[in-house]
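Here's the structure, in structure tokens; my notes come after.
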Ligand code: OGA
Ligand code: MN
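Residue numbers (my numbering): 10 to 220.
The structure is reproduced here in structure tokens:
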């Protein structure tokens with residue numbers, strides 16, 4: 010008997026679409042039981058105050074700038090995952106291996122945090138790759154919001170023309186439960202629009218080795 014995949018999606022199809030356009034949106038990527046376990050867990054983690062105001066910049070230049078981003082985050086510890094987090098991690102690991110096998114991306118690990126945007130919070134347009142490091146290659150966001158509707162706001166706006174950036178066309182992604190969004194971290198400008206409800210997600214970056 011083979012073990013069922015942790016990701017509820019066709020990973021090869023995801024890899025092909027990423028290669029073709031540089032971004033992919035996959036509804037129902039995370040199997041329902043794995044997603045529900047996370048929703049239960051984050052209700053406690055968030056309400057117990059274990060998240061921290063997210064910072065912008067890197068290293069010594071890191072600072073909280075709520076006018077740029079007003080979400081709160083809690084990093085996952087890969088060596089100390091809860092059972093709920095392991096379901097997510099295993100799905101992402103399967104995806105990482107398929108991306109490497111089919112696109113030769115040489116992704117060697119994942120860094121990920123839980124994020125909460127309280128009602129009204131936002132994140133202004135940005136690229137995910139830091140100026141000082143080219144390590145982040147693919148951004149991967151999984152949404153954990155049961156019963157989210159388009160009226161709740163909080164869309165992820167992806168500017169789909171890499172050259173035109175924020176002056177070009179965009180795609181608004183509704184942060185629905187179990188949905189995965191992947192895009193090339195250094196290529197696509199994106200922002201999070203304010204929502205009417207508390208908005209939860211798991212945001213990860215697949216990294217490659219850099220000198
Ligand atoms: C980020 C980010 C998008 C989202 O954390 O860098 O862009 O939809 N998040 O939560
Ligand atoms: Mn981002």
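C-beta: ideal position from N, C-alpha, C; glycine also.
The ligand OGA never approaches residue 167 closely enough for any of its heavy atoms to be under 6 Å from the residue's Cβ. Of the other Cβ atoms in all chains shown, 16 or more fall within 10 Å of the Cβ of residue 188; this residue is therefore buried.
Counting the other CB atoms within 10 Å of its CB gives residue 56 a total below 16, which places it among the exposed residues. Contact between the segment 68-77 and the segment 45-54 is not established, with fewer than three Cβ pairs separated by less than 8 Å.
In the displayed model, residue 123 falls within a strand according to three-state DSSP. Shown here, residue 157 sits in coil according to DSSP, grouped into three states, outside any helix or strand. Per DSSP, the beta-bridge partners of residue 214 are 120, 148. C-alpha of residue 179 to C-alpha of residue 94: approximately 31 Å in a straight line. Take residue 154, set aside five residues on each side of it, and the residues of its chain with a beta-carbon closer than 7 Å to its own are 184, 185, 186, 208, 209, in chain order. At the C-beta level, residue 60 and residue 83 come within 7 Å of one another.
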